[in-house]
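A short write-up of the structure that comes next.
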């Protein structure tokens with residue numbers, strides 16, 4: 149399974165902390181987003197936001213990143229610590 | 003030589019953090035530290051000022067620690083440093099409370115000043131924390147990332 153987390157304001161917008169997604173057919177972030185939006189069409193606006201950040205296994209990645217079974221993928225808004 | 007971080011709900015004592023940072027290292031001729039605190043009002047130029055009664059700090063356990071250690075490694079590669087300590091609070095904080103401590107020691111002041119500023123600029127743009135502001139009218143909003151923070155991080159050059 150791929151563990152997907154939605155953090156901060158994105159969690160509030162989607163109404164869920166995270167989901168688990170079967171990893172067998174998902175190879176890229178694009179595949180993952182496509183799968184998530186297919187199941188939840190109302191998520192499309194939030195998951196396609198230009199400023200959205202993505203991390204896989206606690207490391208920042210770009211839009212073309214590969215995803216594999218067992219990965220933890222987190223989507224979140226720009227950070228505001230400090 | 004000590005490079006450490008702490009993410010904690012509890013408040014920190016600047017005196018204790020300073021003593022731990024210096025750690026009796028007589029080769030450290032310079033110590034610089036920064037403290038970030040919760041202000042009691044917003045300063046968004048597009049909206050009227052609101053009174054902030056509190057903040058809630060969220061983080062991404064696991065990634066936040068990893069990013070802070072990476073930010074420190076980047077600073078160490080760039081400047082000769084003796085010690086770095088970053089403390090960042092999470093959870094509910096009231097106006098006037100301390101949020102973050104960034105301390106650096108080095109042989110000379112140029113490295114300490116530059117590294118401390120660099121660490122804050124990178125913490126602000128890369129460390130997975132998010133702030134929610136609570137106002138006196140009982141509404142709240144998620145703080146928006148500021149372009150000037152990105153600009154500040156960029157001026158250190160590509161990384």
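Residue numbers (this note's numbering), protein chains in the order written: chain A, 149 to 230; chain B, 3 to 161.
Note that CB positions come from ideal geometry on N, CA and C, so glycine has one too.
Nearest chain A C-beta to residue 68 of chain B closer than 7 Å, yes or no?
Taking the first residue of the second chain as position 1, residue 68 of chain B is located at position 66. Yes, residue 68 of chain B lies at the interface with chain A (some Cβ there is under 7 Å from its Cβ).
From B:3, B:4, B:13, residue whose alpha carbon lies closest to that of residue 94 of chain B:
Counted from its first residue, the second chain places residue 94 of chain B at position 92. When each option's Cα is compared against that of residue 94 of chain B, the closest is B:13.
Take residue 181 of chain A and list the residues in its own chain whose beta-carbon comes closer than 6 Å to its own, dropping the five residues that flank it on each side.
Counting from 1 along the first chain, the entry for residue 181 of chain A is found at position 33. In chain order, 195 place their CB closer than 6 Å to the CB of residue 181 of chain A, counting only its own chain and leaving out the 5 sequence neighbours on each side.
Where do the N-terminal and C-terminal ends of the alpha helix (DSSP H) with residue 118 of chain B fall, by residue?
Indexing the second chain from 1 puts residue 118 of chain B at position 116. It spans 111-128 - the alpha helix (DSSP H) in which residue 118 of chain B sits, taken as one unbroken run.
Counting only Cβ pairs nearer than 8 Å, list the residues of chain A close to residue 158 of chain B.
As a working note, residue 158 of chain B is residue 156 in the second chain. Within chain A, no residue comes near residue 158 of chain B; the closest Cβ sits about 15 Å away, beyond 8 Å.
Closer than 7 Å, CB to CB, is residue 63 of chain B near chain A or not?
The residue labelled residue 63 of chain B in the question sits at position 61 within the second chain. So no, residue 63 of chain B is outside the interface.
Any idea if residue 10 of chain B is buried or exposed, counting beta-carbon neighbours within 10 angstroms, 16 or more meaning buried?
For the purposes of this step, residue 10 of chain B is taken as the residue at position 8 of the second chain. When all chains shown are included, residue 10 of chain B counts as exposed.
Between residue 166 of chain A and chain B, is any beta-carbon pair separated by less than 7 Å?
Translated into positions along the first chain, residue 166 of chain A becomes position 18. It does not; no Cβ of chain B falls within 7 Å.
Other residues of its chain near residue 161 of chain B: CB distance less than 6 Å, five sequence neighbours each side excluded:
As a working mapping, residue 161 of chain B is identified with position 159 in the second chain. Residue placement at residue 161 of chain B is poorly supported in this model, since its pLDDT is 49, which falls under 50; the coordinates still yield a value, given next. Closer than 6 Å at the Cβ level, and outside the excluded window around residue 161 of chain B, lies no residue.
Per-residue DSSP class, three states only, for residue 161 of chain B:
Counted from its first residue, the second chain places residue 161 of chain B at position 159. Bear in mind that the predicted position of residue 161 of chain B carries a pLDDT of just 49, short of 50, making it too unreliable to give a figure here.
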